[in-house]
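Accompanying notes for the structure given below.
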Amino acid sequence: MSTEDRGPSMSTAFIEEPSDEELPARRMLDQDWRKVFNYGLLLALVLVFVALTNMPVNLDHRMLIEPIFSMGYLSLFWLPAVFGLVVCREPVLAGMPSHAKGSREVLAGSLVGLIGGAGLSVLTFLLDNFNLRDPLVNWSPQLLELLSFQRDTAFGIAIWLPVGLVLGTFGGLAHLLSATVRRMLSWAFASVIAFAIFETVILDLSEGFAWLGAEWLVEELYFIRGGLTMHGAAVLAVVGGLFAAFGRDRAHRAKERFDALEGTSRTRANAIGLLVVAAALVILPLFLGGITNELLANVGLFVLLALGLNIVVGLAGILDLGYVAFFAIGGYTAGILTTTNRGESWPDWMPQFYWGTALVAVVILAALAGLFIGAPVIRMRGDYLAIVTLGFGEIIRLLFLSDWLGGYTGAAQGVTNIPGVQVFGLATVKGTDPRAVFYLVLFFCAIAIYVSWRLERSRLGRAWMAIREDESVAEAMGINTVNAKLMAFVVGAVLASFSGAILAAKVGSVFPNSFIILVSIVILVVVIVGGMGNIAGVIVGSVVLIGILGGPRQPGLLQEFSEYKLLIYGVLLIWMMLKRPEGLVPNVRRTRELHQDEYLQDAWLRGEIDADSEHTDDSHSNGNTGVLPA
Amino acid sequence: MSDTDGAPPLLEMRGVNTHYGAVHILKDVEFSIYPGELVCLLGGNASGKSTTLKTLLGMVAPTTGDVLLNGEIVTDESISYRVERGVTMVPENRRLFKRLSVKDNLELGAFLRSDRSAIDADLERIFEMFPRVKERLSQKAGTLSGGEQQMVAMGRALMSDPKVLLMDEPSMGLAPALVQTNFELIKQIHSQGVAIFVVEQNANMALSIADRGWVLQTGRVVLDDTAEALLANPHLRASYLGET
Ligand SMILES: Nc1ncnc2c1ncn2[C@@H]1O[C@H](COP(=O)(O)OP(=O)(O)OP(=O)(O)O)[C@@H](O)[C@H]1O
Ligand SMILES: [Mg+2]
Chain A
4 MSTEDRGPSM STAFIEEPSD EELPARRMLD QDWRKVFNYG LLLALVLVFV
54 ALTNMPVNLD HRMLIEPIFS MGYLSLFWLP AVFGLVVCRE PVLAGMPSHA
104 KGSREVLAGS LVGLIGGAGL SVLTFLLDNF NLRDPLVNWS PQLLELLSFQ
154 RDTAFGIAIW LPVGLVLGTF GGLAHLLSAT VRRMLSWAFA SVIAFAIFET
204 VILDLSEGFA WLGAEWLVEE LYFIRGGLTM HGAAVLAVVG GLFAAFGRDR
254 AHRAKERFDA LEGTSRTRAN AIGLLVVAAA LVILPLFLGG ITNELLANVG
304 LFVLLALGLN IVVGLAGILD LGYVAFFAIG GYTAGILTTT NRGESWPDWM
354 PQFYWGTALV AVVILAALAG LFIGAPVIRM RGDYLAIVTL GFGEIIRLLF
404 LSDWLGGYTG AAQGVTNIPG VQVFGLATVK GTDPRAVFYL VLFFCAIAIY
454 VSWRLERSRL GRAWMAIRED ESVAEAMGIN TVNAKLMAFV VGAVLASFSG
504 AILAAKVGSV FPNSFIILVS IVILVVVIVG GMGNIAGVIV GSVVLIGILG
554 GPRQPGLLQE FSEYKLLIYG VLLIWMMLKR PEGLVPNVRR TRELHQDEYL
604 QDAWLRGEID ADSEHTDDSH SNGNTGVLPA
Chain B
131 MSDTDGAPPL LEMRGVNTHY GAVHILKDVE FSIYPGELVC LLGGNASGKS
181 TTLKTLLGMV APTTGDVLLN GEIVTDESIS YRVERGVTMV PENRRLFKRL
231 SVKDNLELGA FLRSDRSAID ADLERIFEMF PRVKERLSQK AGTLSGGEQQ
281 MVAMGRALMS DPKVLLMDEP SMGLAPALVQ TNFELIKQIH SQGVAIFVVE
331 QNANMALSIA DRGWVLQTGR VVLDDTAEAL LANPHLRASY LGET
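Chains A and B are the protein sequences, given in the same order. For the first sequence, our numbering gives the first residue as 4, with consecutive numbering after it. For the second sequence, our numbering gives the first residue as 131, with consecutive numbering after it.
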């Protein structure tokens, strides 16, 4: 299977244009049986796995389109269609003739769907006849009921075969469509799903935009108890499809025009873009309800954390798994200094500080902590360093939890009664006012983005990158690697401590539990998924992971999925590493390097390598030169 | 030859012993390199050639003995101290910063310098010497061909404006034709007044361009003579120059 697997990614990465010649479609039974069987089996396993995570049951009450389709069924139904589509894909190599698509592809999709459906049939049968509840906690009557569509077991066993077959066939048929039609369909489908899933936010938004008649629109779209109305779904599908057909091209052209800009006009365009985004971020929250602002504030907290870790991991190449320690230090320092209810071990004469004043202490302490944790750690390399930082992250949390420091930190009770932040007597930033929290976070994010951006281009930034690439050579260039790495720790620590200090004021309390190792891991996943060493990527990563899926303790848009958050993180991480190692927002230069092998293979197949050494198309020629005969 | 000039040696080792853990690598190594000389260091595998260069640059600290730079004892000084005063190394296997651009690699060579206009002038000088490098400024160093990488590695070292260049097997892994060009380049750099201390397996070729040579055997300097004398030395001919 592995060889076929490489095909699609290789071809889609660099080749868009179809080949000139086309061979006639292959006969229907001229299948790659092994591939079909493998994909079918994989589909069956995935379906059974998803069913046993209990996702379908848990999500069944959440209606997508009232009353016919719930998110529970969606969690199963999308899989056969996608597998049916994927099994048909074959590498298309430009300049090499390929076969026309035909009934063969549809049959492959159908078969894969059928085998997958059979997997669920077997599961339904087993659910009815055996009790495996002991190892498998979700082995429940509810699951059986869901899998048999609220009828008897025999019906369930029988129905999954045709359901799988039909869905798989859809996938196969989709493969036959022209690219435009396929795109229209997927956009139509995606807009319905997106509007259904993001119902809470859209309702929240509609309140802010009531004066635009948004209320009316929302009432038409959504059913009172949740879920889209039938006609709402139909309208969304049409709008989405039409956008794919017409709007997308226009958006692409606009982007191309933007990319073509150079010199001052490029700078100006960038500045205007930045200004528009900044203005939107300042103005939009005024129209947003509490839920959305809360989400944005959480995203912002993680943007701060991730930008800091990005400096440590992405730029300096130090894999710090105990990064949460600095988040904790920021939270605790701000909490203890500002609370009205301080631990009994503190002397009475110690005043209660204003948050802004406390922030000075937060920065100093975080920087010191960065030095203290960094100093012993940076002499190690690679995996040893990761393990030791992991330990430090845990040590800090356990210290806050310990009896020894309990008089100061409140041990398991944590620090409570932390007041909000007074801003010039104008407003109080605290958890009950998510909009104010968002503005505070936004302010610090702006600082962090600016600092990251400047550092990346500074001498220090260059030293970090050199260390990341080859530490001993960096040393031989005269770079003081110890100092540079300590600086990375310190800058990262300070950014994380800002986030902690805001968290303390926002939530009004800090507990050891808010700073478990999982937080470190989540931040790291945000950085990796977004694109290491890339500021925009880190922001997008936070929005996608924290905003949509939710953080370790923060609910995201998909509250129903909170139980599966980590599962989805894991799947996403694996998928990204396999298919898009450069992250969601790739750094152009890094992409080139990571896909180099694939590119070279393609280029070789196209005979390009010896054809044109003076090829100026940037994205291609640079990959090329490494193998050009000198 | 240069010993008689009276000026202090540019780089000198006095009774240097180096250990890795308990293993004794360099044994009482003594020698000096004078300004503008081209000296080559020969020796079999694991004889301690790379270690000698690393000790000179300060990447490895000697257990006893001293390293002198311009007559000043720098044994306890940092690498950056020595780089600032004109010692630079072109490491074994070139070791470019692979994912950084050629430009970034060159700039990193000048990391300790702050005079922007002088740096730019040196960049221009390097572009003159290696026109190919200029064409590939924004390319990732790791994607360059072996020969191009060698040019960038030399350029990177020259960016620090060195008085003496320590080169560790510069022709390793290069095609025979390129080895020749490579030695031409070394001669060219040398002709600009930079002293060169080059470790080479290719003894014949190295000695043909060198002023002097040393031969290291299991950490000891066993031969120290002018290049012509070494080329004529029957002992050396037998052990290092093979059938030639
Ligand atoms: N970091 C290290 N730790 C322990 N031993 C080392 C280290 N570096 C080198 N050695 C050992 O020191 C000895 C000399 O190594 P060195 O690299 O100086 O040899 P060399 O003369 O450059 O050899 P070659 O021609 O193969 O490059 C070798 O036996 C090597 O295994
Ligand atoms: Mg060596």
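Beta carbons are placed, not taken as given, at the ideal position from N, Cα and C, and that holds for glycine. Remember, it's a predicted structure, so these values are computed and weren't measured experimentally.
Unbroken beta strand (DSSP E) run spanning Gln347(B), endpoints:
Position 217 of the second sequence, counted from the first residue, corresponds to residue 347(B). For Gln347(B), the uninterrupted beta strand (DSSP E) segment begins and ends at Arg342 to Gln347.
Can you check which of these residues, Leu206(A), Ala247(A), Leu215(A) and Ala237(A), is closest to Ile227(A) by C-alpha distance?
One-based indexing of the first sequence puts residue 227(A) at position 224. For the set Leu206(A), Ala247(A), Leu215(A) and Ala237(A), the Cα lying nearest the Cα of Ile227(A) is the one of Leu206(A).
Are the beta-carbon atoms of Ser502(A) and Gly293(A) separated by less than 9 Å?
Sequence index remark: in the first sequence, residue 502(A) carries index 499 (1-based). Sequence index remark: in the first sequence, residue 293(A) carries index 290 (1-based). No; because the gap between Cβ atoms is not below 9 Å, this pair is not in contact.
Buried or exposed for Asp298(B), please, with buried defined as at least 16 other CB atoms from any protein chain shown within 10 angstroms of its CB.
The residue given as residue 298(B) occupies position 168 in the second sequence. It counts as buried.
Quick one, which of Ser113(A), Gly75(A) and Phe40(A) has its alpha-carbon nearest Thr56(A)'s?
Here residue 56(A) is taken as the residue at index 53 of the first sequence, counted from 1. Nearest C-alpha to Thr56(A): Gly75(A).
Is any heavy atom of ligand 1 found at a distance shorter than 8 Å from the C-beta of Lys157(B)?
The residue given as residue 157(B) occupies position 27 in the second sequence. Between ligand 1 and Lys157(B), a heavy atom-to-CB distance of less than 8 Å is absent.
Counting only Cβ pairs nearer than 7 Å, list the residues of chain B close to Asn61(A).
Taking the first sequence and counting its residues from 1, one reaches residue 61(A) at position 58. Taking a Cβ-Cβ threshold of 7 Å, none of the residues of chain B is close to Asn61(A); the smallest such distance is about 43 Å.
Quick one: is Thr295(A) buried, meaning 16 or more other Cβ sit within 10 Å of its Cβ, or exposed?
Taking the first residue of the first sequence as position 1, residue 295(A) is located at position 292. Buried, by the Cβ-count rule.
What residues of chain B sit near Ala469(A), judged by a beta carbon separation below 9 Å?
Counted from its first residue, the first sequence places residue 469(A) at position 466. In chain order: Phe227, Leu230, Asp234, Asn235, Leu238 and Phe241.
Would you mind listing the alpha helix (DSSP H) stretches within the stretch 22 to 78 of chain A that are 4+ residues and don't spill past its ends, in chain order?
The qualifying runs are 36 to 55 and 58 to 61.
6 Å Cβ shell around Glu142(B) - same chain, five flanking residues per side excluded:
Taking the second sequence and counting its residues from 1, one reaches residue 142(B) at position 12. The residues are Ser162 and Leu198.
So Met99(A) contacts chain B; which residues on that side make the cut at Cβ distance below 9 Å?
Along the first sequence, one-based indexing puts residue 99(A) at 96. Contact note: Met99(A) does not reach chain B at a C-beta cutoff of 9 Å; the least C-beta distance is about 26 Å.
Rounded to a whole number of angstroms, what is the C-alpha to C-alpha distance between Ala257(A) and Glu237(B)?
The sequence position of residue 257(A) within the first sequence is 254, counting from 1. The sequence position of residue 237(B) within the second sequence is 107, counting from 1. Approximately 36 Å between the Cα atoms of the pair.
Find the residues of chain B that neighbour Ala466(A), judging by a C-beta separation of less than 9 Å, and give them in chain order.
Mapped onto the first sequence, residue 466(A) falls at position 463. Residues of chain B passing the Cβ test: Leu238 and Phe241.
Limits of the unbroken beta strand (DSSP E) element including Lys157(B)
Here residue 157(B) refers to the residue found at position 27 of the second sequence. Per DSSP, Lys157(B) belongs to the beta strand (DSSP E) from Val153 to Ile163.
Please state if the CB of Gly174(A) and the CB of Pro59(A) are separated by a distance shorter than 9 Å.
Position 56 of the first sequence, counted from the first residue, corresponds to residue 59(A). Position 171 of the first sequence, counted from the first residue, corresponds to residue 174(A). In this structure, Pro59(A) sits away from Gly174(A), with a CB-CB distance that is not shorter than 9 Å.
Give a yes or no on whether the minimum CB-CB distance between Pro221(B) and chain A is below 9 Å.
Indexing the second sequence from 1 puts residue 221(B) at position 91. Taking a beta-carbon distance threshold of 9 Å, Pro221(B) counts as an interface residue toward chain A.
To the nearest angstrom, report how far apart Gly211(A) and Leu164(A) are at their CA atoms.
Residue numbering aside, residue 211(A) sits at position 208 when the first sequence is read from its first letter. Residue numbering aside, residue 164(A) sits at position 161 when the first sequence is read from its first letter. Looking at the two C-alpha atoms, the distance is approximately 47 Å.
From Gly159(A) to Ile118(A), what distance separates their C-alpha atoms?
Working through the first sequence from its first residue, we reach residue 159(A) at position 156. Working through the first sequence from its first residue, we reach residue 118(A) at position 115. Their backbone Cα atoms lie some 15 Å apart in a straight line.
Taking 9 Å as the threshold (beta carbon to beta carbon), is Ile319(B) in contact with chain A?
By one-based count along the second sequence, residue 319(B) stands at place 189. It does not; no Cβ of chain A falls within 9 Å.
Quick one, what's near ligand 2 if you take every residue whose CB is closer than 7 Å to any heavy atom, in chain order?
Ordered along the chain, residues surrounding ligand 2 are Lys179(B), Ser180(B), Glu222(B), Asp298(B), Glu299(B) and Val329(B) [Cβ under 7 Å from any heavy atom].
Quick one: measure Cβ to Cβ for Thr172(A) and Gly116(A), integer angstroms, because I've assumed they're closer than 8 Å.
Counting from 1 along the first sequence, the entry for residue 172(A) is found at position 169. Counting from 1 along the first sequence, the entry for residue 116(A) is found at position 113. Their Cβ separation, rounded to whole angstroms, is 6 Å, which keeps Thr172(A) and Gly116(A) in contact under 8 Å.
Kindly examine ligand 1 and report whether one of its heavy atoms sits closer than 8 Å to the Cβ of Thr193(B).
Stepping through the second sequence from its first residue, residue 193(B) is reached at position 63. The answer is no for Thr193(B).
Is Ala477(A) close to chain B, meaning its C-beta is less than 9 Å from at least one C-beta of that chain?
The residue labelled residue 477(A) in the question sits at position 474 within the first sequence. Closer than 9 Å: yes.
How should Ser321(B) be labelled, buried or exposed, when 16 other C-beta atoms within 10 angstroms of its C-beta is the threshold for buried?
In the second sequence, the residue the question calls residue 321(B) occupies position 191. Of the other Cβ atoms in all chains shown, fewer than 16 fall within 10 Å of the Cβ of Ser321(B); this residue is therefore exposed.
Could you check whether Leu123(A) and Leu167(A) sit closer than 9 Å to each other, using their CB atoms as the reference points?
The residue given as residue 167(A) occupies position 164 in the first sequence. The residue given as residue 123(A) occupies position 120 in the first sequence. Inspection of the sequence shows that residue 167(A) is occupied by Gly rather than by Leu. At a Cβ-Cβ threshold of 9 Å, Gly167(A) and Leu123(A) count as neighbours.
Residue range of the beta strand (DSSP E) that includes Met219(B)
Position 89 of the second sequence, counted from the first residue, corresponds to residue 219(B). Met219(B): member of the beta strand (DSSP E) spanning Val217 to Val220, first to last residue.
State yes or no: is the beta carbon of Leu168(B) nearer than 9 Å to at least one beta carbon in chain A?
Here residue 168(B) refers to the residue found at position 38 when the second sequence is read from its first residue. Chain A contact via Cβ: absent.
Below 8 Å, is the gap between the Cβ of Gly343(B) and the nearest heavy atom of ligand 1?
Reading the second sequence from its first residue, position 213 is the one you call residue 343(B). No, Cβ of Gly343(B) sits at least 8 Å from all heavy atoms of ligand 1.
By the criterion of Cβ-Cβ separation under 8 Å, what are the contact partners of Asn483(A) in chain B?
Start at 1 with the first residue of the first sequence, and residue 483(A) comes out as number 480. Per Cβ cutoff of 8 Å: Ser208 and Ser210.
Reduced DSSP category for Tyr150(B) - H, G, I as helix; E, B as strand; rest coil:
Here the question's residue 150(B) lines up with position 20 in the second sequence. Of the three classes helix, strand and coil, the one that applies to Tyr150(B) here is strand, per DSSP.
Would the beta-carbon of Leu404(A) fall within 9 Å of that of Ala415(A)?
Within the first sequence, numbered from 1, the residue matching residue 404(A) stands at position 401. Within the first sequence, numbered from 1, the residue matching residue 415(A) stands at position 412. In this structure, Ala415(A) lies closer than 9 Å to Leu404(A) by Cβ.
Taking CB distances under 9 Å as the criterion, tell me whether Val345(B) reaches chain A.
Along the second sequence, one-based indexing puts residue 345(B) at 215. Taking CB atoms only, Val345(B) has no neighbour in chain A less than 9 Å away.
Does at least one heavy atom of ligand 1 sit under 8 Å from the Cβ of Val115(A)?
As a position in the first sequence, residue 115(A) is number 112, starting the count at 1. No, since every heavy atom of ligand 1 falls outside the 8 Å radius drawn around the Cβ of Val115(A).
At the level of alpha carbons, what is the spacing between Ser208(B) and Arg225(B)?
The residue you call residue 208(B) lines up with position 78 of the second sequence. The residue you call residue 225(B) lines up with position 95 of the second sequence. Roughly 21 Å separates the two Cα atoms.
For Lys636(A), count neighbouring Cβ atoms within 10 angstroms of its own Cβ and tell me buried if that reaches 16, exposed if not.
Residue coverage of chain A in this structure runs from 4 to 633, which leaves residue 636(A) outside it and unanswerable.
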